[in-house]
Amino acid sequence: MTWWFKARRGHLLLPLALLVFGAGLYAVQGTTVLLPSLVGSPRVALSLFVPVPLLAFLMAVLESRLPAAEVSGVRSMTRLDNGLVATVMAAAVLCSVLIASVQGSATAGGRNAVFLTGLMLLGRAWAGQTAVMVPVGWLLTVVLVGFRGNVPHLWTVIALPADNPYAAAASLAVFAIGLAAQIRSSRKTA
Numbered sequence: 002m003t004w005w006f007k008a009r010r011g012h013l014l015l016p017l018a019l020l021v022f023g024a025g026l027y028a029v030q031g032t033t034v035l036l037p038s039l040v041g042s043p044r045v046a047l048s049l050f051v052p053v054p055l056l057a058f059l060m061a062v063l064e065s066r067l068p069a070a071e072v073s074g075v076r077s078m079t080r081l082d083n084g085l086v087a088t089v090m091a092a093a094v095l096c097s098v099l100i101a102s103v104q105g106s107a108t109a110g111g112r113n114a115v116f117l118t119g120l121m122l123l124g125r126a127w128a129g130q131t132a133v134m135v136p137v138g139w140l141l142t143v144v145l146v147g148f149r150g151n152v153p154h155l156w157t158v159i160a161l162p163a164d165n166p167y168a169a170a171a172s173l174a175v176f177a178i179g180l181a182a183q184i185r186s187s188r189k190t191a
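Numbering (this note's numbering), first residue to last: 2 to 191.
Encoded structure:
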């Protein structure tokens with residue numbers, strides 16, 4: 002398992018990814034910007050965009066595979082990949098909670114990372130490595146048509162307040178579906 006983790010470059014990329022994620026959340030927590038939109042000019046929290054580097058690092062780790070060794074191996078790489086993704090998301094949620102407690106404000110950074118990771122894993126099942134752009138597309142869609150004035154639509158999930166139970170449930174559901182899709186596509190080469 003140690004060799005698998007080092008072959009995936011997890012020991013280098015994942016701590017860096019979580020550091021970038023935490024620093025980004027800390028820097029922009031509570032900051033909103035006025036962005037152009039097709040339906041007005043909503044005030045959008047900058048923290049919506051913080052999970053993107055984390056997702057890019059995670060995709061790099063998942064795609065740095067050794068296909069011949071993995072296909073012929075005895076251990077299930079799918080379980081290891083899913084465990085890795087779940088562990089990284091748990092660390093992101095913990096990081097988000099710690100930053101919220103330090104700054105004294107609610108943050109949805111961890112929840113948004115979980116949702117966007119689920120979308121990325123769903124996209125990875127059919128698009129491979131380029132699926133890292135699926136969450137970026139979702140973010141652009143949310144900014145362009147996801148608000149009515151300054152109120153986010155329910156379908157946006159990531160733009161909803163941090164304490165919204167629907168957003169938490171939707172994030173977990175999309176993440177679970179993404180993990181299930183990864184089980185189906187994990188041994189395919191990108």
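Backbone N, C-alpha and C fix where the C-beta goes; we use that ideal spot for every residue, glycine too. All of these numbers come straight from a predicted model, not from anything done at the bench.
State buried or exposed for S48, treating a residue as buried only when at least 16 other CB atoms are found within 10 Å of its CB. buried
Does DSSP put A163 in a helix, a strand or coil? coil
Of the listed residues A92, V143, T33, G31, nearest to A18 (C-alpha basis): A92
Between the CA atoms of T32 and V94 - distance to the nearest angstrom: 19 Å
Measure the Cβ-Cβ separation of I159 and N113 and say whether it is below 8 Å. yes
The beta strand (DSSP E) enclosing V133, as first and last residue numbers: V133 -> no beta strand (DSSP E), and no H or E assigned at all.
From P166 to M90, what does the alpha carbon distance come to, in whole angstroms? 18 Å
Among A24, F22, V40, Q30, which residue has its Cα nearest to the Cα of T108? Q30
Which partner residues does G41 have in the DSSP bridge list? S38
Below 8 Å CB to CB, which residues in the same chain sit around L10 once its five sequence neighbours on both sides are set aside? It is Arg, not Leu, that sits at residue 10 in the sequence shown. Closer than 8 Å at the Cβ level, and outside the excluded window around R10, lie A61, V62, S65.
Residue range of the alpha helix (DSSP H) that A126 falls in? 110-128
Beta-ladder partner(s) of A46, from DSSP: T33
If the criterion is Cβ atoms closer than 8 Å, does the pair A57 and L123 meet it? no
Hey, how far is the Cα of A28 from the Cα of L14? 21 Å
Helix, strand or coil for V152, going by three-state DSSP, please let me know. strand
Does the segment 81-88 come close enough to the segment 128-144 that 3 or more CB-CB pairs lie under 8 Å? no
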